[in-house]
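For the record, in the sequence shown the residue sitting at position 880 is 1079 according to our numbering, with numbers rising by one throughout.
Heads up, the thing below is written out as structure tokens.
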Amino acid sequence: MPTNFTVVPVEDNIASGQEGAAEGDAYDSAEELSGRPSSVTGAETPRENSPFINSIDPDRHSYYDGKNMALFEEEMDSAPMVSSLLNKLANYTNLTQGVVEHEEDETEDGVKKVTVKGPQMGTFIGVYLPCVQNILGVILFLRLTWIVGTAGIMGSLAIVFMCCTCTMLTAISMSAIATNGVVPAGGSYYMISRSLGPEFGGAVGLCFYLGTTFAGSLYILGTIEILLTYIVPNAALFVSEKPEGQQNAMLNNMRVYGTCCLVLMALVVFVGVKYVNKLALVFLSCVVLSIMAIYAGVIKTIIEPPDFPICLLGNRSLQNCDFDLCQKLEVVNNVTKTTQLWGLFCNNTTVDATCDDYFNLNNVTEIQGIPGLLSGVISDNMWGDYGPNGMLVEKKNQPSIPADDKFEDKYEGPPRPYVFNDIATCFTLLVGIYFPSVTGIMAGSNRSGDLRDAQRSIPIGTIVAIATTSFIYISCVVLFGACIEGVVLRDKFGDSVKRNLVIGTLSWPSPWVIVIGSFFSCCGAGLQSLTGAPRLLQAIARDSIVPFLQVFGHGKSNGEPTWALLLTAGICEIGILIASLDLVAPILSMFFLMCYLFVNLACAVQTLLRTPNWRPRFKFYHWTLSFLGMSLCLSLMFISSWYYALVAMLIAGCIYKYIEYRGAEKEWGDGIRGLSLNAAHYALVKLEEAPPHTKNWRPQILVLLKLDTDLAVKHPRLLSLTTQLKAGKGLTIVSSVLEGTYMTRRADAKQSEQNVRATMSSERTKGFSHVVVSSNLRDGFSHLIQSAGLGGMKHNTVLMAWPVNWKQAENSLCCQNFIETVRETTAAHQCLLVAKNIDHFPANNECLNGGTIDVWWIVHDGGLLMLLPFLIRQHKVWRKCKMRIFTVAHLDDNSIQMKKDLQKFMYHLRLDAEVEVVEMHESDISAFTYEKTLVMEQRSQMLKQMQLSKTEREREAQLIHDRNTKAHASLNDRATTSPDRVHMTWTKEKLVAERNRNREASMAVRDMFNMKPEWENLNQSNVRRMHTAVKLNEVVVSKSQGSQLVLLNMPGPPKNRGGDENYMEFLEVLIEGLDRVLLVRGGGREVITIYS
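Following this line, the structure appears as structure tokens:
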């Protein structure tokens, strides 16, 4: 129902002021109103928001100061006054992009100016007539009679009904899309691309462009066929005396004359589209007059059928171009003489000559080729007569004595004037040849910018045009079958009626009306194809969705697409070189059917999604009709030619993937994005119902990044490792935290997120980025760990870099943040990956030539240690690395059995890895361990009691680090010279010897305690932990120092928060001396299984 508006006057001076503002608004461009960039390159993504918002002139901002609208003056920059909005709507003009002719007038100064007319066309002129003109064309005049004769009236009606139903359903879908808002110039391409997205839009747009281009080839070939066959047959350049060479000669003539015609038409289009537009009325008149002549001829057959006799030899139709009398002998002055027909079948002109067997056995009969509407010939033409190439055209129910020469290609002898099939015929072939005759339904939508009311004109004009042309085609099928003899209908080129156009023999007052009308109709249709196709390509190129087509977006100064015209002419030449109208027709049928299929898909998707913006004014649509039209289009594609259909779909698929991979990202609010959102919502709801099974578990990673002072990613190799781990599978969330408040650092957050996305793109990391602003870093990372993800798509693994400078961090914030992150991931039952020396990890473009990935399986916390090497080796960087698994055996363990069990476990896990069991004896704590523990506790106590300056603390930490490194190096030397400290297999003798050594070492340790009494005051828990870290580090370094990557169980932090710095020292000692280390902490659940 209509909406009522009430205009409330406020002040007179306000109204007058708003009039001034309205005058300024009237000069705003149409591109601004449509939300599209004014640049012709189209490089930027159109804005999503309303085109009428954010368009207030800042110079007029002060106008509202002190007025009645002062309450809203702060929103004037983003929300305009209603009066300004309505004024822009009233002055909105939607002009076409280069389709409106560019009339250039010379001014007195000699400067050319461009005068562009506004949209003035209504439904009849703007939509109905262009659609009728494009639909009724070359197939109607040149092939419809042959289709009726070959398929029969019933088969032809089935073909016409399927094709017309397909276009009618497509027109209904198109009407719904066209009335869902303003359709700018661009027509069908604009509708499809904005409904299905740039990938589908580009693919279907290029298919539509190729279809329109090959349609130009079809019309040009039709023009040349009419010219050389019916108007000036003597103009043929190539002539063959042998029948088998006549078809090739005709094809060569089509190629030569078609190329010349293409060059001439391209020059006409290049000079100016206005000449094509001025001739459009002439071409339309030719179509209308031709249709009227056909119906007049049908009426004339009731009163007086036209005289077009055909000659039959037995039941076979003859070409009567080379003889006048349809008889074997004639009597002249009481003397029997042979006729011209006799000489075509006999070796000489005498009565006793040797003649063809079939000629001797059968009589010659002359019948009328156009018996008339009331003759009853309709019953003979009711069913089809298909046959192979070279099959002779024969009249049904005509007496004949057979001979073994029914197929022209099997006959050996002098050329005979039979009419025969030039191609093999079947129902599916006729569907492909006929379908181009119902294309052209987009002619109205392509002129959307020229229409006074496009939302009203396009549905009415298109649907009425399809109904009109469908009636014409159906009536012509019935009338042709009821008025014309079957052998004439199956005579494609009219050889049996003295090379007359078959449909012309039915017309009144003369066959030349149809010949001339169809000639000019084909010329006009060819010119319109060469005019429309380059503009369609230009529109695609200016959208910048296909990078290699951008050069075709340029043109002359007046907007004419010169480069696009050259490409169109080149592709059109390919169709002309094919030279056969029957072979070109199925090609363009594929491309048009592909386009119509996606129009129906667009309407069905939008209807099913029920998006809020889907509010078409055209109400007579339903998703089932769109789905039926889509199915019919797909069926017709494979019915016409299954191999052409596969090729067309392959081309569209390649274009789709190319745009997806290389094309510009566009956000057009398309239906495919809405479909993806619905599918994502459904999947998230399903994932929420139950946690994933162990067999479906894969790391869904939350990457915690650090940003430098320039808001750039500090460790981009962390994203490289993510890519190598994930390979684009599963969920990846790349996040970071800025310290401060969102209101003050909103711009920094946006810039940071852009930098993170850019780094993700360069590192080929597929996932989502998220930068949050928090009062402190600890809370920010905590919030990300708790709330990142959505529903069932939440992360289960956290990846972060090892804090290298944790000893120098002021107030130990870095150390505290790291340990709290470890605690929170453990509490949340999430896995944790910590990468040491992350900047030393390989980039995605590197490839490691050999080496090993060593897994040190100390404790079992879910099997993540086993799964990670398998995942990372799927990437090309690590593919050549071998996997080794080490586990630690204690004094009471049977290491031989452990190795066998571990090998069996690896076999059941389907993992190819070398297995090694390392035995660590429970030796007494070394002096080095006590000294290192003492230094650690002294440093911790000093940091708690003294507030050191940053410089002093860094100096002290560096001194301690150097001392530890030196002591550890000497320990490594001792370990190298004493390999008996680690045994690979325990035996009884080794066990006794080791116990004796333990007792001796215990005595030595007691002596050392007597030497250094300060060791007695150490925390024994810290001593034991340091001992474990030192001994385990010795073993790992000795075995894996040269490996490409070391994966190691990460011990948990202490429950007592007072020992956080000691925990960091333990980890530092554990991974000291190793280059690439990945500390792994499981989430408390099994992530790998031996079961299928």
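A virtual CB, placed ideally from N, CA and C, is assigned to each residue, including glycine.
#1: Between the alpha carbons of residue 1061 and residue 878, how many angstroms are there, rounded?
#2: Run the CB neighbour count on residue 1029, radius 10 Å, all protein chains shown included, and call it buried at 16 or more, exposed below.
#3: Using alpha carbons as the reference points, say which of 575, 399, 886 and 544 lies closest to residue 561.
#4: Work out the CA separation of residue 390 and residue 448 for me, nearest whole Å.
#5: Going along the chain, which residues of its own chain have a beta-carbon closer than 7 Å to the beta-carbon of residue 1274, five neighbours each way excluded?
#6: Taking the Cβ atom as the reference point for each residue, do residue 496 and residue 706 lie within a distance shorter than 8 Å?
#7: With a Cβ-Cβ cutoff of 8 Å, do residue 672 and residue 363 count as a contact?
#8: Quick check on DSSP: helix, strand or coil for residue 587?
#9: Check residue 704 in the structure and name its three-state DSSP category.
#10: Answer with buried or exposed for residue 1283, where buried requires no fewer than 16 other C-beta atoms within 10 angstroms of its C-beta.
#11: Just to check my reading of the structure: residue 902 and residue 937 have Cβ atoms closer than 8 Å, yes? What is that Cβ distance to the nearest angstrom?
#12: To the nearest angstrom, report how far apart residue 501 and residue 441 are at their CA atoms.
#13: In this structure, does DSSP put residue 567 in helix, strand or coil?
#14: Residue 1248 by DSSP, collapsed to three states: which one?
#15: Which class does residue 188 belong to by DSSP, given the choice of helix, strand or coil?
#16: Using the three-state DSSP reduction, which class does residue 1013 fall into: helix, strand or coil?
#17: Expressed to the nearest angstrom, what Euclidean distance is found between the alpha-carbon atoms of residue 796 and residue 369?
#18: Return the bridge partner residues of residue 617 from the DSSP annotation.
#19: Measure the alpha-carbon distance for residue 1211 versus residue 1223 and round it to whole angstroms.
#20: Can you tell me whether DSSP reads residue 1034 as helix, strand or coil?
#21: Give me, in chain order, the residues of the same chain whose beta-carbon lies closer than 7 Å to that of residue 1240; leave out the 5 immediate sequence neighbours on both sides.
#22: Use the C-beta contact count for residue 1226: other C-beta atoms within 10 angstroms, 16 or more gives buried, fewer gives exposed.
#23: Going by Cα to Cα distance, which pick from 780, 563, 1070 and 1024 is closest to residue 526?
#24: Using DSSP bridges, identify the partner residues of residue 1075.
#25: Report yes if the C-beta distance between residue 1054 and residue 1083 is below 8 Å; otherwise report no.
#26: Where residue 1031 and residue 1251 are concerned, what is the direct C-alpha to C-alpha distance, given to the nearest angstrom?
#27: Which same chain residues end up closer than 6 Å to residue 1042 when comparing Cβ atoms and leaving out the 5 residues on each side of it in sequence?
#28: Identify every residue that forms a DSSP beta bridge with residue 1280.
#29: Near residue 1329, what residues of its chain come up, given a Cβ to Cβ distance below 8 Å and the 5 sequence neighbours on each side ignored?
#30: The beta strand (DSSP E) spanning residue 1053 covers which residue range?
#31: Can you have a look at residue 990 and say buried or exposed, based on whether 16 or more other CB atoms are within 10 angstroms of its CB?
#32: Suppose the cutoff is 7 Å on Cβ atoms and the five residues either side in sequence are ignored; what does the same chain contact list for residue 1022 look like?
#33: Just checking my contact of residue 417 with residue 636 at CB under 8 Å: how many whole Å lie between their CB atoms?
#34: What did DSSP end up calling residue 358 once you bin it into helix, strand or coil?
#35: Suppose contacts are defined by Cβ-Cβ distances below 8 Å. Is residue 331 in contact with residue 664 by that definition?
#36: On the three-state DSSP scale, how would you describe residue 934?
Once the coordinates are examined:
#1: In the sequence shown, the residue the question calls residue 1061 occupies position 862. In the sequence shown, the residue the question calls residue 878 occupies position 679. For residue 1061 and residue 878, the distance between alpha carbons rounds to 32 Å.
#2: Here residue 1029 is taken as the residue at index 830 of the sequence shown, counted from 1. So residue 1029 ends up on the buried side.
#3: Looking up residue 561 in the sequence shown gives position 362. Comparing Cα-Cα distances from residue 561 to each of 575, 399, 886 and 544, the minimum goes to 544.
#4: By one-based count along the sequence shown, residue 448 stands at place 249. By one-based count along the sequence shown, residue 390 stands at place 191. In a straight line, the C-alpha of residue 448 is about 44 Å away from that of residue 390.
#5: Position 1075 of the sequence shown, counting from 1, holds the residue named residue 1274. So the qualifying residues of the chain are 1036 and 1039.
#6: Working through the sequence shown from its first residue, we reach residue 496 at position 297. Working through the sequence shown from its first residue, we reach residue 706 at position 507. Yes, they are a contact pair.
#7: Mapped onto the sequence shown, residue 672 falls at position 473. Mapped onto the sequence shown, residue 363 falls at position 164. Yes, they are a contact pair.
#8: Numbered from its first residue, the sequence shown carries residue 587 at position 388. Reduced to three states, the DSSP call for residue 587 is coil.
#9: Residue mapping note: residue 704 aligns to position 505 of the sequence shown, counting from 1. If DSSP states are grouped into helix, strand and coil, residue 704 belongs with the helices.
#10: Working through the sequence shown from its first residue, we reach residue 1283 at position 1084. Exposed: under 16 other Cβ atoms inside 10 Å.
#11: Taking the sequence shown and counting its residues from 1, one reaches residue 902 at position 703. Taking the sequence shown and counting its residues from 1, one reaches residue 937 at position 738. About 16 Å; that fails the 8 Å criterion.
#12: Taking the sequence shown and counting its residues from 1, the one referred to as residue 501 is at position 302. Taking the sequence shown and counting its residues from 1, the one referred to as residue 441 is at position 242. So the alpha carbons of these two residues sit roughly 41 Å apart.
#13: Within the sequence shown, the letter at position 368 stands for residue 567. Three-state result, residue 567: strand.
#14: Taking the sequence shown and counting its residues from 1, one reaches residue 1248 at position 1049. Of the three classes helix, strand and coil, the one that applies to residue 1248 here is strand, per DSSP.
#15: Beyond the ends of the chain as shown, which are 200 and 1291, falls residue 188; an answer cannot be given.
#16: As a working note, residue 1013 is residue 814 in the sequence shown. Of the three classes helix, strand and coil, the one that applies to residue 1013 here is helix, per DSSP.
#17: Translated into positions along the sequence shown, residue 796 becomes position 597. Translated into positions along the sequence shown, residue 369 becomes position 170. Going from the Cα of residue 796 to the Cα of residue 369 covers about 8 Å.
#18: If you number the sequence shown from 1, residue 617 lands on position 418. Residue 617 pairs with 517.
#19: Position 1012 of the sequence shown, counting from 1, holds the residue named residue 1211. Position 1024 of the sequence shown, counting from 1, holds the residue named residue 1223. Residue placement at residue 1211 is flagged as unreliable, the pLDDT there being 45, under the threshold of 50; a coordinate-derived value is accordingly withheld.
#20: Residue 1034 sits at position 835 when you count from the first residue of the sequence shown. Strand at residue 1034.
#21: Reading the sequence shown from its first residue, position 1041 is the one you call residue 1240. Answer for residue 1240: 1272 and 1273, listed in chain order.
#22: Working through the sequence shown from its first residue, we reach residue 1226 at position 1027. Under this definition residue 1226 is a buried residue.
#23: As a working mapping, residue 526 is identified with position 327 in the sequence shown. With distances taken between Cα atoms, residue 526 lies closest to 563.
#24: For the purposes of this step, residue 1075 is identified with residue 876 of the sequence shown, where counting begins at 1. DSSP output for residue 1075 lists no bridge partner at all.
#25: On the sequence shown, residue 1054 is found 855 positions in, with the first residue counted as 1. On the sequence shown, residue 1083 is found 884 positions in, with the first residue counted as 1. Yes; because the gap between Cβ atoms is below 8 Å, this pair is in contact.
#26: Start at 1 with the first residue of the sequence shown, and residue 1031 comes out as number 832. Start at 1 with the first residue of the sequence shown, and residue 1251 comes out as number 1052. Cα to Cα, residue 1031 sits roughly 11 Å from residue 1251.
#27: Taking the first residue of the sequence shown as position 1, residue 1042 is located at position 843. Excluding positions up to five away in sequence, the list reads 919.
#28: Counting from 1 along the sequence shown, the entry for residue 1280 is found at position 1081. For residue 1280, which the question treats as bridged, DSSP gives the partners 1031.
#29: With the chain represented from 200 up to 1291, any question about residue 1329 goes unanswered, as that position is not in the structure.
#30: Position 854 of the sequence shown, counted from the start, is the residue given in the question as residue 1053. Taken as a continuous stretch (DSSP letters only), the beta strand (DSSP E) holding residue 1053 covers 1051 to 1056.
#31: The count along the sequence shown starts at 1 and reaches residue 990 at position 791. Looking at its Cβ environment, which holds fewer than 16 other Cβ atoms inside 10 Å, residue 990 is exposed.
#32: The residue you call residue 1022 lines up with position 823 of the sequence shown. Closer than 7 Å at Cβ, skipping near neighbours: 1252.
#33: By 1-based counting over the sequence shown, the position of residue 417 is 218. By 1-based counting over the sequence shown, the position of residue 636 is 437. At roughly 10 Å, the Cβ-Cβ gap does not stay under 8 Å, so residue 417 and residue 636 are not in contact.
#34: Here residue 358 refers to the residue found at position 159 of the sequence shown. Looking at residue 358 - three-state DSSP - the assignment turns out to be helix.
#35: On the sequence shown, position 132 is the one that residue 331 refers to. On the sequence shown, position 465 is the one that residue 664 refers to. Contact: yes.
#36: Walking along the sequence shown from the start, residue 934 turns up at place 735. Three-state result, residue 934: strand.
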